[in-house]
Every structure is written in C-alpha cells, then in structure tokens.
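Residue numbers (UniProt numbering): 1 to 127.
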C-alpha cells in the first residue's frame, strides 16, 4: 500500500481527524486513537486523503446527509447508493485510488450496484 492514496468513510476512527459518523451529534468528535484498519493502512505506507461523507450513523437508505449529499459522478441527478455512498462516489470519480467503507445493511453493496456504470450486465454475470 506504500504511496497509495486512500480515503475512508467518516465512520472509521482517525486519530486527530474529525470523525462525525455523518451526525450533527458528533460534529466536534476527534478520536484520540486510530481504528485498527487505519493503523494498519498507515503502517503499510498508505496516504490518507480524507474522510467520505455518509448518512447519519450509517442508518437508512443513504438519503440523509447532514453535511451535504454525495452525488453519483456518472449521473448527478441520481443517488450514488447507500450509506457508503461517499466512498463509492469518490472511487467511481477517481478522486482516490481506493476507499474504505463498511457494510452494515448494504452500505457497500448499494453503491457497488448503483455505480457499476462502466461494466455491462454480461460482465457482472460472469463468475
């Protein structure tokens, strides 16, 4: 991962960086430690670009974004998916080499389905 630019869902603790979980309740929360995955990324040389927007506490269908609504980079009038929509949209738009989300109730599967744009249905059916 050395030198790979990565962005992460705002639900993942990052030491010294605002982590709101997409909620106004935690609008001032700055963790004093990294989540294990962040510590591992840093140790492997990844470059943390920033945090992705998400719906509050990763609940619901991804339509409630108190810090602004992520947009589908291939169709701005459409949603980029569920609660990891910021991660999916940023990766689809090539704003980062990769992103880290999480899947509580389809949070990653939703954006993957909605933002699949570049692959045709025949490719998706192949094992």
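Just so it is clear, CB atoms sit at the ideal spot from N, CA and C, and this is done for glycine as well. This structure is a prediction, so every number in the text was calculated from the model and none was measured.
- For residue 99, the enclosing beta strand (DSSP E) stretches over residues 98–100.
- Inclusion of residue 19 and residue 5 in the CB contact set at 8 Å is not warranted, their separation being larger than that value.
- In this structure, the alpha-carbon of residue 25 lies about 31 Å from that of residue 97.
- A direct Cα-to-Cα measurement between residue 16 and residue 50 gives close to 12 Å.
- A straight-line Cα-Cα distance of about 8 Å links residue 86 and residue 80.
- The Cβ atoms of residue 65 and residue 72 lie no closer than 8 Å to each other.
- Residue 94 sits away from residue 9, with the two beta carbons spaced by 8 Å or more.
- With 16 or more other CB atoms across the displayed protein chains lying within 10 angstroms of its CB, residue 55 is buried.
- Here the C-alpha atom of residue 12 lies approximately 27 Å from the C-alpha atom of residue 75.
- Runs of the beta strand (DSSP E) spanning 3 or more residues and lying entirely within the segment 43–82 occur at 47–52, in chain order.
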